[in-house]
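Mapping the sequence shown onto the working numbering, position 451 (from 1) lands on 589, and the numbers just tick up by one.
For each residue, glycine too, the CB sits at the ideal point set by N, CA and C.
Just so it is clear, the structure is predicted and the values come from calculations on it, not from any experiment.
Report on the structure given below.
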Amino acid sequence: MAFNIFGNNGSSQGQQIYEALGRSMAVIEFSLDGKILTANANFLSTMGYELGDIVGKQHAIFVTADYAKSPEYKQFWKTLSDGKFVADAFQRVRKDGDTVWLEATYNPILNAAGKPVKVIKFATDITARRKERALNDGVLTAIDRSQAMIEFDLTGKILKANANFLKTMGYSEGEVVGKHHSMFVAPGYAQSTEYKDFWASLRRGDVQAAQFKRLAKGGREVWLEATYNPIFDQNGKPERVIKLATDITEQVQLLIDLKAMIDNNFTEIDSNIASLDKAALSGTSAAAQSSNSVQTVAASAEELSASIAEISRSMAQSRDETERAFSQTVNANQSTQKMADVVAAMTGIVEVIQGIAGQINLLALNATIESARAGEAGKGFAVVANEVKNLANQAAKATDQISAEISGVQEISNEVVNSLETIRGSIETARDSVTNISSSVEEQSAVTESVSQNMQTMAVSVDELVRRLDEIRTISSGVGGSVKRTREAAEVLTR
Numbered sequence: 139m140a141f142n143i144f145g146n147n148g149s150s151q152g153q154q155i156y157e158a159l160g161r162s163m164a165v166i167e168f169s170l171d172g173k174i175l176t177a178n179a180n181f182l183s184t185m186g187y188e189l190g191d192i193v194g195k196q197h198a199i200f201v202t203a204d205y206a207k208s209p210e211y212k213q214f215w216k217t218l219s220d221g222k223f224v225a226d227a228f229q230r231v232r233k234d235g236d237t238v239w240l241e242a243t244y245n246p247i248l249n250a251a252g253k254p255v256k257v258i259k260f261a262t263d264i265t266a267r268r269k270e271r272a273l274n275d276g277v278l279t280a281i282d283r284s285q286a287m288i289e290f291d292l293t294g295k296i297l298k299a300n301a302n303f304l305k306t307m308g309y310s311e312g313e314v315v316g317k318h319h320s321m322f323v324a325p326g327y328a329q330s331t332e333y334k335d336f337w338a339s340l341r342r343g344d345v346q347a348a349q350f351k352r353l354a355k356g357g358r359e360v361w362l363e364a365t366y367n368p369i370f371d372q373n374g375k376p377e378r379v380i381k382l383a384t385d386i387t388e389q390v391q392l393l394i395d396l397k398a399m400i401d402n403n404f405t406e407i408d409s410n411i412a413s414l415d416k417a418a419l420s421g422t423s424a425a426a427q428s429s430n431s432v433q434t435v436a437a438s439a440e441e442l443s444a445s446i447a448e449i450s451r452s453m454a455q456s457r458d459e460t461e462r463a464f465s466q467t468v469n470a471n472q473s474t475q476k477m478a479d480v481v482a483a484m485t486g487i488v489e490v491i492q493g494i495a496g497q498i499n500l501l502a503l504n505a506t507i508e509s510a511r512a513g514e515a516g517k518g519f520a521v522v523a524n525e526v527k528n529l530a531n532q533a534a535k536a537t538d539q540i541s542a543e544i545s546g547v548q549e550i551s552n553e554v555v556n557s558l559e560t561i562r563g564s565i566e567t568a569r570d571s572v573t574n575i576s577s578s579v580e581e582q583s584a585v586t587e588s589v590s591q592n593m594q595t596m597a598v599s600v601d602e603l604v605r606r607l608d609e610i611r612t613i614s615s616g617v618g619g620s621v622k623r624t625r626e627a628a629e630v631l632t633r
């Protein structure tokens, strides 16, 4: 039944319905050729116009110029003028040029004769929803292009799968649709409680995300980084499951190979660390023994240094005493030489005395001869001459004895001179030896002192070596712990 919505029949049921729709929807009226007759506030607000801007204008102001000239647009208005209903989501253009999407119905209004007289459009702005849908469609398209996607019902039956999934698993769509998800897992796992709990969890609406080992066509092993996402109906209940997956088989295989390589390397590292720890322990023990030995040697070197210093002082004293003995020997030799000279001089005196005694004997002989010539008168002179002769003989004997004694003294003096000369040579040799020994002892004392200092320094160095070796053992132990933790981390990579 045709009626005039904007007429005076305000009490009619149709008017009331129209007013109710107008409070929540955008409403606009057109003539059959598309001319705008009127529009409500909701429509004007949606499109950004004032009523005076559009009344009398063509509907074409709400579409793009290209579409307004198209056969499709002409057919659209022909359909309406024929009295046929049109409903859809329409893309329209606002006054400011922005695109707006309207969920609308174009409703031809018929007169009493059943002929169309105008068109009323009821519309709802779905621009935001359309943009969200476009975004979602874009996301789904991007996911479909980049990821393997498969859809299941809540029992695990396959509803559909995209090309990426089919390519990854080596199946065609006809080979999987209608089959159960268990075709992708090992038979033993398909019968396990764990697998049953997996699907029970999905039916409860829980998301399952992990790295999954699956079996492709022919039993080929495939690793998938995947999420099983329950999809909920309008009542919030799960109705199906969509799985999004990425093939990570190559990465997992690389990780497995990497783990094997790391295990091999860690085995070598463990062996080397054990050897290092053993060597450090042996080194610590040896260094400790060396430290004790060095301390002992250092103490002995100090004692030796002290002993050599004492010997050096004694040798210096011996050298001084030898110098004094040498000087005394020289002095004694000089005194003995003087004595020899005196004895030689006494020999000359004895010779003089012997000459005098000979002259006295000669005089006594002459006196005896003269007294014999004189006879009685010469007897007294003869007695005197005889006494003088006796005295001369006694002087000669004494002189001979003195000469013998002096000869003995000369011999002894010569022997003393020779002995002193020998002693002087021996003392001089001893002095040179003592001097050389004293010099050597002084040099040895300096060397020993240097050795003692070096041994003390070595003792400090050995103690430091012991400390460093202990640090190496501590560090080695720490490295061993780090290697263990790194191995555990490497094992996590392949889980």
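Give every residue of the same chain whose Cβ lies closer than 7 Å to the Cβ of residue i, excluding the five residues on either side of it in the sequence, and list them in chain order.
i    : result
G312 : none
D395 : none
Q151 : none
G145 : With a pLDDT of 46 at G145, under the threshold of 50, the predicted position of this residue should be treated as unreliable, and no value is reported.
L419 : R611
Q492 : A534, T537
Which of the three DSSP states, helix, strand or coil, is assigned to residue i?
i    : result
T262 : strand
I166 : strand
R342 : coil
F228 : strand
A512 : helix
K295 : strand
R267 : helix
N147 : Residue placement at N147 cannot be trusted, given a pLDDT of 48 that sits under 50; what the coordinates show is reported in the next sentence. Correct three-state label for N147: coil.
N245 : strand
D401 : helix
F141 : The predicted model places F141 with a pLDDT of 39, which falls under 50 and marks its position as unreliable; any figure quoted below should be read in that light. Coil.
Q153 : helix
K253 : coil
K476 : helix
A417 : helix
K535 : helix
K351 : strand
Can residue i and residue j be called in contact, C-beta distance under 8 Å?
i    : j    : result
G343 : P368 : yes
R352 : V345 : no
H308 : K269 : A quick correction: the sequence has Gly, not His, at residue 308. For G308 and K269, no; Cβs fall outside 8 Å.
F290 : R378 : yes
Y187 : K233 : yes
K256 : L175 : yes
M163 : F228 : no
T202 : V224 : no
A299 : I281 : no
A383 : E363 : yes
T265 : D385 : no
G190 : K173 : no
Just to confirm the assignment, what range does the beta strand (DSSP E) spanning residue i have?
i    : result
T176 : 174-177
M307 : Where M307 is concerned, there is no enclosing beta strand (DSSP E), although the alpha helix (DSSP H) it sits in stretches over 301-307.
D220 : From DSSP, D220 is part of no beta strand (DSSP E); its letter is neither H nor E.
A383 : 376-385
A286 : 286-290
F370 : 359-370
Determine the extent of the alpha helix (DSSP H) in which residue i is found, giving its start and end residues.
i    : result
A314 : The sequence as given places Val at residue 314; Ala does not occur at that position. 311-314 is the extent of the alpha helix (DSSP H) around V314.
I192 : 189-192
A203 : 203-206
A328 : 325-328
Below 8 Å CB to CB, which residues in the same chain sit around residue i once its five sequence neighbours on both sides are set aside?
i    : result
N499 : K527, A530, N531, A534
Y333 : S320, V323, Y327
S169 : L175, K256, V257
E406 : none
Alpha carbon to alpha carbon, how far is residue i from residue j?
i    : j    : result
T262 : T365 : 37 Å
I296 : P376 : 16 Å
T243 : T217 : 13 Å
G221 : P246 : 5 Å
R451 : Q427 : 36 Å
Q594 : G619 : 38 Å
S591 : A437 : Note that residue 591 is Gln in the sequence shown, not Ser. Computed Cα separation, rounded: 10 Å.
R341 : F370 : 10 Å
N274 : R267 : 10 Å
L503 : E549 : 36 Å
G166 : I192 : For the record, residue 166 in the displayed sequence is Ile; it is not Gly. Each residue's alpha carbon lies about 10 Å from the other.
F336 : I380 : 14 Å
R462 : R606 : 59 Å
L240 : M185 : 10 Å
G486 : Q475 : 17 Å
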